[in-house]
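Q:
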Amino acid sequence: VEIVSDSGEGAQKAGQTFGTVCAKSHNGVWTVEIIPAEIKPPARSRAGASGIRVRFASREVTNRGERAHLAVAFNEQVLYGRIADDAYGPGTVVLLESKWAEDPQPEIRAQYRAAVEDFRAQGLDVLELAMEKACLEVVPDARVGQNMFVVGMLCEIFGRDIEKALGEVVEVLGKKGAEVVATNQELVRRGWVFAAEHVPHLWTVPARESLPPQLVMNGNQALGLGVLAAGMELVAMYPITPATSVSHYLGRGLAKVGGFLHQAEDEIAAVGFAIGASYAGKTACTVTSGPGLALKTEFLGFATMAEIPLVVILVQRGGPSTGLPTKVEQGDLLAVLYGEPGDTPKVVLAPATIEECFHFVVLARRLAEEFRTPVLVLSDANLATGVTSFPRPKIDPAWIAPPIDQSPWPEGLLPFDWDAETGLSTRPIPGQRGGEYVVTGLAHTRKGKVAYDPWSNQEGCDMRSRKLAALARTLV
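Sequential numbering of the sequence shown, starting at 71, is according to my numbering.
1. Between which two residues does the alpha helix (DSSP H) holding L437 run?
2. Could you tell me the distance, in whole angstroms, from the CA atom of G389 to the CA atom of A313?
3. Enumerate in chain order the residues of its own chain whose CB-to-CB distance from P395 is below 6 Å, with the five nearest sequence positions on each side excluded.
4. With a 10 Å radius around its C-beta and 16 neighbouring C-beta atoms as the bar for buried, classify L14 as buried or exposed.
5. Mind checking I109: buried by the 16 CB within 10 Å criterion, or exposed?
6. Verify the contact flag: T132, CB atom, against every heavy atom of the ligand HEM, threshold strictly below 8 Å.
7. What residue range does the beta strand (DSSP E) around T358 cover?
8. Let me confirm a value: L165 is counted as buried when at least 16 other C-beta atoms fall within 10 Å, else exposed. Which label applies?
9. Write down the C-beta distance between K246 and K94 rounded to the nearest angstrom, noting that I regard them as a contact closer than 8 Å.
10. Run the CB neighbour count on H318, radius 10 Å, all protein chains shown included, and call it buried at 16 or more, exposed below.
11. Compare the C-alpha of R129 against each of P174, L197 and A277 and name the closest.
12. How is the alpha helix (DSSP H) around N288 delimited, first residue to last?
13. Any chance you could list the alpha helix (DSSP H) runs of at least 4 consecutive residues sitting entirely within the stretch 244 to 276, in chain order?
14. If I measure Cβ to Cβ from V418 and keep anything under 7 Å in the same chain, skipping five residues before and after, which residues do I get?
15. What are the start and end residues of the beta strand (DSSP E) that includes A143?
16. Less than 8 Å between the CB atoms is what I'm expecting for D76 and N133, so what's the real figure, rounded?
17. Which of the three DSSP states is assigned to P461 in this structure?
18. Apply the 10 Å Cβ neighbour rule to Y349 and answer buried if 16 or more other Cβ atoms are within range, or exposed otherwise.
19. Please name the residue or residues paired with F126 in a DSSP beta bridge.
20. How many angstroms separate the CA atom of V457 from the CA atom of V99?
21. Hey, how far is the Cα of T496 from the Cα of L538?
22. For a quick check, are the C-beta atoms of R125 and L285 less than 9 Å apart?
23. Assign D532 to one of three DSSP states: helix, strand, or coil.
24. Buried or exposed: where does D402 fall if 16 or more other Cβ atoms within 10 Å of its Cβ makes it buried?
25. Can you tell me which of V297, G294, L331 and A300 puts its alpha carbon nearest to the alpha carbon of Y308?
26. To the nearest angstrom, how far is the alpha carbon of M302 from that of A265?
27. Could you spell out the range, first to last residue, of the beta strand (DSSP E) harbouring E72?
28. Which term fits A434, buried or exposed, when burial requires 16 or more other beta carbons within 10 angstroms of its beta carbon?
29. Do G351 and I499 have their C-beta atoms closer together than 9 Å?
30. Take L272 as the anchor and find which of R183, G294 and L197 has the nearest alpha-carbon.
31. Can you grab the Cα-Cα spacing for the pair G482 / A373, in whole Å?
32. Using a 10 Å radius around the Cβ and a threshold of 16 neighbouring Cβ atoms, would you call T544 buried or exposed?
33. From V385, A344, P379 and A347, pick the residue whose C-alpha is nearest to that of L363; which is it?
34. Would you give the residue range spanned by the beta strand (DSSP E) that P444 belongs to?
35. At least one CB of chain B closer than 9 Å to the CB of A471: is that the case?
36. With a threshold of 6 Å on Cβ separation, who are the neighbours of G80 within its own chain once the five nearest residues in sequence on each side are excluded?
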């Protein structure tokens with residue numbers, strides 16, 4: 071199912087609400103946001119389609135699928151953009167807002183009539199519906215209510231429980247007050263009745279059998295939940311699409327568990343802030359996307375050389391350069407692995423599901439601390455905005471890093487006293503008596519002193535590589 075409209079008409083919220091209703095009905099669900107490249111594209115433009123795809127089934131769903139079975143469109147022009155993306159084809163049912171057939175402007179009326187004929191010629195099954203007129207019986211401006219009206223329609227069309235939809239209205243809009251909630255619940259009810267009168271039942275999608283307690287969230291929320299579950303004490307980031315909503319999620323919860331969320335002035339400052347916090351003994355993380363990773367590269371090499379633990383969450387988007395901020399691409403792997411100068415071994419975790427987004431952040435924190443190295447979690451825009459359900463994890467206290475031992479530094483122990491087999495060494499923390507040492511991005515000895523001779527450099531490279539070899543042995 072797709073809901074498409076001009077930007078600002080609430081199509082994405084409608085789809086998220088309906089998708090959550092399906093998930094709570096024990097359907098497998100996957101949602102994908104449809105985001106125009108421009109921040110505010112012109113109304114009724116083919117390139118300005120904004121909305122969401124909701125794919126649901128009586129089994130687990132792991133991707134967006136191919137052509138949609140049903141599309142709800144608030145105007146005819148946005149449909150052209152989706153047809154160009156091969157989202158619809160012969161047999162796709164389109165529920166199209168019909169007010170444009172009576173628009174005061176002759177050119178808009180002509181555009182609408184020509185488009186409907188064109189869609190039908192392409193094999194689309196177009197139902198022209200006066201959805202906005204029905205909404206105006208409840209609200210003075212359909213732009214602030216048509217989305218919940220559509221939620222009610224979809225619940226009736228697919229036999230979803232309207233009470234679950236009414237409950238979701240409370241979840242989504244509860245903070246806006248009782249009057250707003252009541253109005254939108256009435257719109258859901260009106261949409262239900264409207265669909266029963268005007269839309270035939272074409273599909274049946276039974277729910278799955280009862281499942282264990284589920285979480286319903288998108289990948290960025292799962293990443294944020296993983297940060298909380300891992301006991302991260304600091305997250306530093308600069309806003310960047312499609313990673314920004316991780317900070318939105320953490321902004322509601324990190325401080326409540328004693329953490330600190332820092333919005334830096336730029337990408338370089340964000341990673342420097344996180345590395346500094348980690349050096350001081352805090353569990354730290356930074357979140358970014360491709361262009362931000364490019365700016366963080368020098369600091370990530372520094373963290374590798376200085377052996378400072380760090381978790382980096384990278385939500386990929388289209389590139390190169392600023393590229394395609396709202397599109398899906400998985401092109402950053404080689405840059406992550408080899409984009410820094412010199413020999414900089416690191417750990418990269420690439421979740422394949424939204425559930426893994428949660429668990430991999432927890433694992434990344436543990437690996438970064440135990441191996442004194444940067445660990446990158448490689449997500450993408452598809453996972454970031456897609457919504458699905460997964461079993462509620464049982465929180466394990468072992469996920470949270472134990473307190474750092476700040477007892478006096480043993481006499482004779484060096485800050486880079488590498489184990490000959492594993493390359494691991496004890497981590498000194500500022501303020502630890504006897505643990506003073508020099509932190510540098512230059513090649514250094516076991517004492518942390520800068521050294522330019524080939525033997526010291528070779529030893530450092532060997533030991534940093536042996537850490538990954540030791541990690542690999544634990545995976546067998």
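Ideal Cβ placement from N, Cα and C applies to all residues, glycine included.
A: So, from the listed chains and residues:
1. Indexing the sequence shown from 1 puts residue 437 at position 367. Segment I424 to F441, the alpha helix (DSSP H) holding L437.
2. As a first step, residue 389 is located in the sequence shown; it is residue number 319 there, counting from the start. As a first step, residue 313 is located in the sequence shown; it is residue number 243 there, counting from the start. When rounded, the distance between both Cα atoms is 15 Å.
3. Taking the sequence shown and counting its residues from 1, the one referred to as residue 395 is at position 325. When the five nearest sequence neighbours on each side are left out, the beta carbons in the same chain lying within less than 6 Å of the beta carbon of P395 are those of T311 and R387, in order along the chain.
4. Shown here, the chain extends from 71 to 546; a query on residue 14 therefore has no answer.
5. Sequence index remark: in the sequence shown, residue 109 carries index 39 (1-based). Its Cβ having fewer than 16 others within 10 Å, I109 is exposed.
6. This structure lacks the ligand HEM; in fact it carries no ligand of any kind.
7. Stepping through the sequence shown from its first residue, residue 358 is reached at position 288. Run containing T358: A354 to T358, per the beta strand (DSSP E) assignment.
8. On the sequence shown, position 95 is the one that residue 165 refers to. Buried, since its Cβ has 16 or more Cβ neighbours within 10 Å.
9. If you number the sequence shown from 1, residue 246 lands on position 176. If you number the sequence shown from 1, residue 94 lands on position 24. Under the criterion of beta carbons closer than 8 Å, K246 and K94 do not qualify as touching, at roughly 22 Å.
10. Position 248 of the sequence shown holds residue 318. Under this definition H318 is an exposed residue.
11. Position 59 of the sequence shown, counted from the first residue, corresponds to residue 129. Among P174, L197 and A277, the Cα nearest to that of R129 belongs to A277.
12. Indexing the sequence shown from 1 puts residue 288 at position 218. Judged by DSSP secondary structure, N288 falls outside any alpha helix (DSSP H) and instead within the beta strand (DSSP E) spanning Q284 to N288.
13. Those alpha helix (DSSP H) runs which fall completely within the stretch 244 to 276 and span 4+ residues are 248 to 268.
14. Taking the first residue of the sequence shown as 1, we reach residue 418 at position 348. Here the set comprises V406, L407, L446 and L448.
15. The sequence position of residue 143 within the sequence shown is 73, counting from 1. Per DSSP, the unbroken beta strand (DSSP E) holding A143 starts and ends at L140 to A143.
16. If you number the sequence shown from 1, residue 76 lands on position 6. If you number the sequence shown from 1, residue 133 lands on position 63. With 8 Å as the limit, D76 and N133 do not qualify as a contact, their Cβ atoms being about 27 Å apart.
17. In the sequence shown, residue 461 corresponds to position 391, counting from 1. If DSSP states are grouped into helix, strand and coil, P461 belongs with the strands.
18. Taking the sequence shown and counting its residues from 1, one reaches residue 349 at position 279. By the Cβ neighbour-count rule, Y349 is buried, with 16 or more other Cβ atoms within 10 Å of its own.
19. Taking the first residue of the sequence shown as position 1, residue 126 is located at position 56. Answer by DSSP bridge pairing, in chain order: V99.
20. Residue 457 sits at position 387 when you count from the first residue of the sequence shown. Residue 99 sits at position 29 when you count from the first residue of the sequence shown. Cα to Cα, V457 sits roughly 7 Å from V99.
21. Position 426 of the sequence shown, counted from the start, is the residue given in the question as residue 496. Position 468 of the sequence shown, counted from the start, is the residue given in the question as residue 538. In a straight line, the C-alpha of T496 is about 16 Å away from that of L538.
22. Indexing the sequence shown from 1 puts residue 125 at position 55. Indexing the sequence shown from 1 puts residue 285 at position 215. Judged by beta-carbon spacing, L285 lies beyond the 9 Å limit of R125, meaning their Cβ atoms are not closer than that value.
23. Sequence index remark: in the sequence shown, residue 532 carries index 462 (1-based). Residue state, collapsed to three classes: helix.
24. The count along the sequence shown starts at 1 and reaches residue 402 at position 332. Buried, because 16 or more other Cβ atoms sit within 10 Å of the Cβ of D402.
25. By one-based count along the sequence shown, residue 308 stands at place 238. Ranked by Cα distance from Y308, the first of V297, G294, L331 and A300 is L331.
26. Within the sequence shown, numbered from 1, the residue matching residue 302 stands at position 232. Within the sequence shown, numbered from 1, the residue matching residue 265 stands at position 195. C-alpha of M302 to C-alpha of A265: approximately 47 Å in a straight line.
27. Looking up residue 72 in the sequence shown gives position 2. Its beta strand (DSSP E) spans residues E72 to S75.
28. Locating residue 434 in the sequence shown gives position 364, where the first residue counts as 1. So A434 ends up on the buried side.
29. On the sequence shown, position 281 is the one that residue 351 refers to. On the sequence shown, position 429 is the one that residue 499 refers to. The Cβ atoms of G351 and I499 lie closer than 9 Å to each other.
30. The residue given as residue 272 occupies position 202 in the sequence shown. Ranking R183, G294 and L197 by CA distance to the CA of L272 puts L197 first.
31. Locating residue 482 in the sequence shown gives position 412, counting from the first residue. Locating residue 373 in the sequence shown gives position 303, counting from the first residue. Separation of G482 and A373 (C-alpha to C-alpha, rounded to the nearest whole angstrom) is 25 Å.
32. Taking the first residue of the sequence shown as position 1, residue 544 is located at position 474. Per the 10 Å Cβ criterion, exposed.
33. Along the sequence shown, one-based indexing puts residue 363 at 293. Nearest option by C-alpha distance: V385.
34. The count along the sequence shown starts at 1 and reaches residue 444 at position 374. Per DSSP, P444 is one residue of the beta strand (DSSP E) stretching across P444 to D450.
35. Annotation note: the requested chain B is absent from the structure, which comprises a single protein chain.
36. For the purposes of this step, residue 80 is taken as the residue at position 10 of the sequence shown. These residues qualify, in order along the chain: N217.
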